[in-house]
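Asker: This is the structure, below, for whatever I ask next.
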Amino acid sequence: MDSPPHSAPASDDTSQEREALRRHVIASATHGVLIVDNAHRVVEVNDAMCRLLGYTADQLIGQHTLNFITEASKATSLQQQAELQLAATVFSDTLEAIMITDADNRIISVNRAFTSVTGYSADEIIGTSPPLVSASHHNAEFREQLREELFNTGHWSGEAWNRRKNGEIFPQWLSISVVRNNAGEPLKYVAIFSDLSERKAAEERIDFLARHDILTRLPNRFLLRDRAEQAFAHAERAHNKVALLLLDLDHFKHINDSLGHPVGDTLLQTVADRLRLTTRDTDTVSRQGGDEFLVLLTDIHDSDDIAPIVEKMMRTLGKPCSVAGQDMTISCSVGIAVYPEDGIDFDILAKNADAAMYHAKESGRNTFRYYSQQMNEDAVARLDIQNRLHRALDRNEFILHYQPLIDLANNSIVGAEALVRWNCPELGMQPPGLFIPVAEDTGLIVQLGEWVLNEACRQARAWHDAGHGHLIMAINLSPIQFTRGDLVATIRNALAASGVNPAHIELEITESVLMKDTEHVLATVRQLHGMGLRLAIDDFGTGYSSLAYLRRFAVEKLKIDQSFIRDLPTDPDAGAIVRAVIQMAKSLKIAVLAEGVETADIAHDLDLLGCDYAQGYYFGRPMPAEAFAKLL
Ligand SMILES: Nc1nc2c(ncn2[C@@H]2O[C@H](COP(=O)(O)O[C@H]3[C@@H](O)[C@H](n4cnc5c(=O)[nH]c(N)nc54)O[C@@H]3COP(=O)(O)O)[C@@H](O)[C@H]2O)c(=O)[nH]1
20 MDSPPHSAPA SDDTSQEREA LRRHVIASAT HGVLIVDNAH RVVEVNDAMC RLLGYTADQL
80 IGQHTLNFIT EASKATSLQQ QAELQLAATV FSDTLEAIMI TDADNRIISV NRAFTSVTGY
140 SADEIIGTSP PLVSASHHNA EFREQLREEL FNTGHWSGEA WNRRKNGEIF PQWLSISVVR
200 NNAGEPLKYV AIFSDLSERK AAEERIDFLA RHDILTRLPN RFLLRDRAEQ AFAHAERAHN
260 KVALLLLDLD HFKHINDSLG HPVGDTLLQT VADRLRLTTR DTDTVSRQGG DEFLVLLTDI
320 HDSDDIAPIV EKMMRTLGKP CSVAGQDMTI SCSVGIAVYP EDGIDFDILA KNADAAMYHA
380 KESGRNTFRY YSQQMNEDAV ARLDIQNRLH RALDRNEFIL HYQPLIDLAN NSIVGAEALV
440 RWNCPELGMQ PPGLFIPVAE DTGLIVQLGE WVLNEACRQA RAWHDAGHGH LIMAINLSPI
500 QFTRGDLVAT IRNALAASGV NPAHIELEIT ESVLMKDTEH VLATVRQLHG MGLRLAIDDF
560 GTGYSSLAYL RRFAVEKLKI DQSFIRDLPT DPDAGAIVRA VIQMAKSLKI AVLAEGVETA
620 DIAHDLDLLG CDYAQGYYFG RPMPAEAFAK LL
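Each number in this note's numbering comes from the position in the sequence shown (counting from 1) with 19 added on.
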C-alpha cells in the first residue's frame, strides 16, 4: 500500500471517508503534490514532492513556500507549479482508467480514461457494480487469490479480463488498492487499469510471424517441427507412420526471373492454397522459403498409401492457373521420407526427403521419389564434392583438355573444344559430368566458368601466336552463367586479358538456354554477337530443336548430339534425323558439326550427307594442351 500524504489531520469524522480517498490518490501520484493555504503555507505534501525538494514532510508543513524555495529551486518553480496542476488533474486526465468503489462494491467515481476504455460514461456507471467478467475468463481459484491478497496486503495487481459496454471482453493490467479507515476497515477500493488489447494483439502477431511464412501464411519450419514431433509421438503410440514430403516447384526461378517477383509471389500463394485444399486438416503444409514446401501427412498406415496422395497433389498443382493475367501451368518434384523407417527425427527426415526430391529432379522433374539408403550415400558424396569444389578453385586444381574439331572436307583440325577437368589431389582426375552439376547447383559454376573462359582464351591466343591463327576455340557455357553473374562482362574481360580475336571464340550453349527467359538471353546473345563472338548450339536434337530459335538467335553452328551419330550405322531413324538436320541447317546457312564420331565409316557417311565438321574419339580424344599442340 502507498504511504499516506503528509498533512494536517482531518477536522471532523464525517469527512473521514472522502479524506482517506483523497489522501490515497495524492499519495499514489508519481508527481510531486504540494498543497498550500491562502498565506502560501504548506498544509499537505506527498513523498514525491519531498524527494523533489529534498526536505522531509515535517520540515515542509507549516512553512511559507519562500522559506524553502531556494534561489536554485526558484528556477524550477514554474515547472513545479505545473506539476502541481498536473497532480490536481491526475485523476481525471491520466491515461490509465480509474474506478473507485465503496466498501459495498458500488462504483462511486470513474475518470475520463475509464469512459474511453470501457465505453461507460460516469453517469451510466456510478452507483452500479463493476461490469462482471464471465467465470470462463476468471476461475474461482483466481478470484479467491485476488480476494485473499487484497485482504492481506491491501493491494493486488495482475492481468485480468474486463468487459466493455459493447460486450467486448478485453485484457487489462489491473491494480487494486484498498483504502481503509483509521480502524483498518475497508472504505474504498481504487482500481487502476490499462487496456492490454493492442499489446496482446501485437504479441499475438509477433508470435504468428515467428511461426508462419508471411507470404503464404502457412506454418514455417519451426511450427512444422513442433507438429512433426507431436505426430511422431502419436504415430509411435498408434503404430502407424508419418510422411514428410519435400515439394519443390519446377523451373520456378525461370518464372520469377522472367515475369518478375510479384508474379512469382502470387504463384506461390496459389500453390499454397492448392496444397491446403488437397490435404486434410490433420496434415500440415508449410513453406520453407523460396519455392520449397514441406508437407506432413499423419496417420499413414502403409507407405504405399502415400503415392496416391502425392499424385493427387501434383495433379491439383498442375492445373492451369492465371496469375497476374498470365496463363501458366506449374509442376513440382517431390521427395518422400517416412517415419519411422527413414528416420525418427525431424531433421533427418527432412534431409532424406531432400535427397529424394533431388532424385525426382534428376529423373526429369514433375515426379516423386521415395527416399532410399542409396540416395543418402549419393547425397553424402555430393556434399563431399561440393565441399572439395569450393577449395578446388583456390587451389588451382582445374585444367582444360582440348578435343580437335575436324573439317570433314579435308580432315584438317580447324579448332578445339575446351573441356574442363578437375585434378583432385585426393580423388584423382574427375570428369565434368561428376562436378559440373554440383557446381551448377551451388552457383560455383559462375566462378568456374569464368576461369574456363580466361584459360581457354589465353590458350587460343597462345596457339594463334604460335602460328595457328585459324584455330577456333569452342567454350561451353552453362545455362546458369546466363542467369547469375555478368556473363558479358566476364567474356569481355577474358577477351581483353588474352587479346584473342573474338571471331575465333565459339560459345557453345544448349537449346534450353534459348528457350528460357528468351528476352534476357536474346539481349545477351546480341551483345556477344556485337562483340564479334560466334555461337554454337550444343547437343542439338535432344531438346526442342526449334528452327525459329536458331534463326532468331543468329546461330553459326549446330552440333548434332552424339546419340544420333553413334546410332547412324544401325538405326535408320538416326540416319533420317541427321540427314534432316543437315538439310535444314544448310537452308538456314548454319554450319553443322557431328559429335561423338568414333569410326572412319561414320566420318565417311557424314561427309557424304554434307556434314561440315566432326569431333570424336576417331579424330582425337580430349587431351592436354601440350598433346594437342603436337597435332597442329
Ligand atoms: N559448362 C561447362 N560444361 C562443360 C565444360 N567442360 C565440359 N563440359 C560439359 O561436361 C559434359 C561432359 O564432358 P566430357 O566428359 O568432357 O565429355 C566430352 C567429350 O569427352 C565427349 N566426347 C567427345 N567425343 C566423343 C566420342 O567420340 N565418344 C564419346 N563417348 N564421347 C565423346 O563428349 C563431351 C563433349 O560434349 P559437348 O560439350 O556436348 O561437345 C559435356 O556436356 C560438356 O559440355 C565447361 O568448361 N563448362
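The C-beta atom is built at its ideal place from N, Cα and C for all residues, glycine as well.
From a predicted model like this one, the values you see are computed outputs, not experimental measurements.
(1) Whole angstroms is fine: what's the gap from Leu265's alpha carbon to Gln393's?
(2) Would you grab the beta carbon distance between Leu402 and Val304 for me? Rounded to a whole angstrom, and I think it's under 8 Å.
(3) Do Ile609 and Lys576 come within 8 Å of each other at the CB atom, strictly closer than that value?
(4) Between the beta-carbon of Val282 and the beta-carbon of Ala220, is there less than 8 Å?
(5) Cβ of Val329 within 8 Å of Cβ of Val353?
(6) Would you call Asn158 buried or exposed, if buried means 16 or more other Cβ atoms sit within 10 Å of its Cβ?
(7) For the candidate residues Arg640, Ile601, Leu268 and Ala229, whose alpha-carbon lies nearest to that of Cys618?
(8) Which of helix, strand or coil does DSSP assign to Lys260?
(9) Alpha carbon to alpha carbon, what distance is there between Asp300 and Asp558?
(10) Does the distance between the C-beta of Asn442 and the nearest non-hydrogen atom of ligand 1 fall short of 7 Å?
(11) Can Gly354 be considered in contact with ligand 1, in the sense that its beta carbon sits closer than 7 Å to one or more heavy atoms?
(12) If Asp460 sits next to Cys351, beta carbons under 8 Å apart, how far is it from one beta carbon to the other, in whole angstroms?
(13) Assign Arg553 to one of three DSSP states: helix, strand, or coil.
(14) Let me check you understand the geometry: is the CB of Leu569 closer than 7 Å to at least one non-hydrogen atom of ligand 1?
(15) Roughly how many whole angstroms lie between the Cα atoms of Ser30 and Asn201?
(16) Hey, is Ala437 close to ligand 1, as in C-beta under 7 Å from one of its heavy atoms?
(17) Taking buried to mean at least 16 other C-beta atoms within 10 Å of its own C-beta, is Leu114 buried or exposed?
(18) Residues in the same chain with beta-carbon distance under 8 Å from Gln546, minus the five sequence neighbours each way, listed in chain order, please.
(19) Find out if the Cβ-Cβ distance for the pair Gly635, Lys605 is shorter than 8 Å.
(20) By Cβ distance, which residues of its chain are closer than 6 Å to Ser92, with the 5 residues on each side in sequence left out?
(21) Does the beta-carbon of Leu446, which I'm using as the reference point, lie nearer than 7 Å to any heavy atom of ligand 1?
(22) Taking the alpha-carbon positions, what's the Thr386 to Phe312 distance?
(23) If the criterion is Cβ atoms closer than 8 Å, does the pair Ile596 and Val616 meet it?
(24) Following the continuous alpha helix (DSSP H) through Ile499, name the residue where it begins and the one where it ends.
(25) Short of 6 Å in beta carbon distance, which residues of its chain neighbour Leu71, apart from the five on each side in sequence? Order them along the chain.
(26) Given a cut-off of 8 Å, decide if Arg224 and Leu315 are closer than it, judged by their beta-carbon atoms.
(27) Excluding the 5 residues preceding and the 5 following Trp470 in the sequence, name in chain order all residues of the same chain whose CB lies nearer than 8 Å to its CB.
(28) Does at least one heavy atom of ligand 1 sit under 7 Å from the Cβ of Gln634?
(29) Quick one: is the Cβ of Asp624 within less than 7 Å of any heavy atom of ligand 1?
(30) Please state whether the Cβ-Cβ distance between Glu381 and Leu419 is less than 8 Å.
(31) According to DSSP, is Lys576 helix, strand or coil?
(32) Residue range of the beta strand (DSSP E) that Lys649 falls in?
(33) Leaving aside the five residues before and after Phe251 along the sequence, list all residues of the same chain whose C-beta is less than 8 Å from its C-beta, in chain order.
(34) Find out if the Cβ-Cβ distance for the pair Tyr480, Ser517 is shorter than 8 Å.
(35) In chain order, what are the residue ranges of uninterrupted beta strand (DSSP E) at least 3 long that sit wholly in the stretch 350 to 388?
(36) Distance check for Ile464 and Pro498, CA to CA, integer angstroms please.
Answerer: From the atom records:
(1) Just so you know, the alpha carbons of Leu265 and Gln393 end up roughly 18 Å apart.
(2) The Cβ separation is near 28 Å, so there is no contact.
(3) Yes.
(4) Not in contact: Val282 and Ala220 (Cβ atoms no closer than 8 Å).
(5) For the 8 Å CB-CB criterion, Val329 and Val353 form a contact.
(6) Exposed, because fewer than 16 other Cβ atoms sit within 10 Å of the Cβ of Asn158.
(7) With the sequence shown as reference, residue 618 is identified as Thr, and Cys is not the correct amino acid for it. Selected option, being the one with the closest Cα: Arg640.
(8) When secondary structure is reduced to three states using DSSP, Lys260 falls in the strand class.
(9) Whole-angstrom Cα-Cα distance: 48 Å.
(10) Answer for Asn442: no, Cβ out of range of ligand 1.
(11) For ligand 1, not one heavy atom lies less than 7 Å from the Cβ of Gly354.
(12) Going by Cβ atoms, the distance from Asp460 to Cys351 rounds to 18 Å, so no, they are not a contact pair.
(13) Judged by DSSP in its simplified three-state form, Arg553 adopts strand.
(14) Here the distance from the Cβ of Leu569 to the nearest heavy atom of ligand 1 is not below 7 Å.
(15) Residue placement at Ser30 cannot be trusted, given a pLDDT of 45 that sits under 50; what the coordinates show is reported in the next sentence. Taking the straight line joining both Cα atoms gives about 14 Å.
(16) Result yes, Cβ under 7 Å from ligand 1.
(17) Classification for Leu114: exposed.
(18) Excluding residues within five positions, the ones whose Cβ falls inside 8 Å are Val507.
(19) No.
(20) Residue confidence for Ser92 is low, a pLDDT of 48 falling below 50, so the modelled location carries little weight and cannot support an answer.
(21) Leu446 Cβ: outside cutoff for every heavy atom of ligand 1.
(22) Going from the Cα of Thr386 to the Cα of Phe312 covers about 15 Å.
(23) The answer is no: Cβ separation not under 8 Å.
(24) Here the alpha helix (DSSP H) through Ile499 covers Pro498 to Thr502.
(25) So the list reads Gly51, once near-sequence residues are dropped.
(26) For Leu315 and Arg224, no; Cβs fall outside 8 Å.
(27) Within the same chain, Leu412 and Phe417 come within 8 Å of Trp470 by CB-CB distance, once the 5 residues on both sides are set aside.
(28) Under cutoff, so the answer is yes.
(29) Result no, Cβ not under 7 Å from ligand 1.
(30) No, these two residues do not count as a Cβ contact at 8 Å.
(31) Strand.
(32) For Lys649, there is no enclosing beta strand (DSSP E); the residue is found in the alpha helix (DSSP H) stretching over Ala644 to Leu650.
(33) Val261, Tyr358, Pro359, Ile363 and Phe365.
(34) Per the sequence shown, residue 480 should be read as Arg rather than Tyr. Taking 8 Å as the Cβ cut-off, Arg480 and Ser517 qualify as a contacting pair.
(35) Taken in chain order, the complete beta strand (DSSP E) segments of 3 or more residues contained in the stretch 350 to 388 are 351 to 358.
(36) In this structure, the straight-line span from the alpha carbon of Pro498 to that of Ile464 is close to 10 Å.
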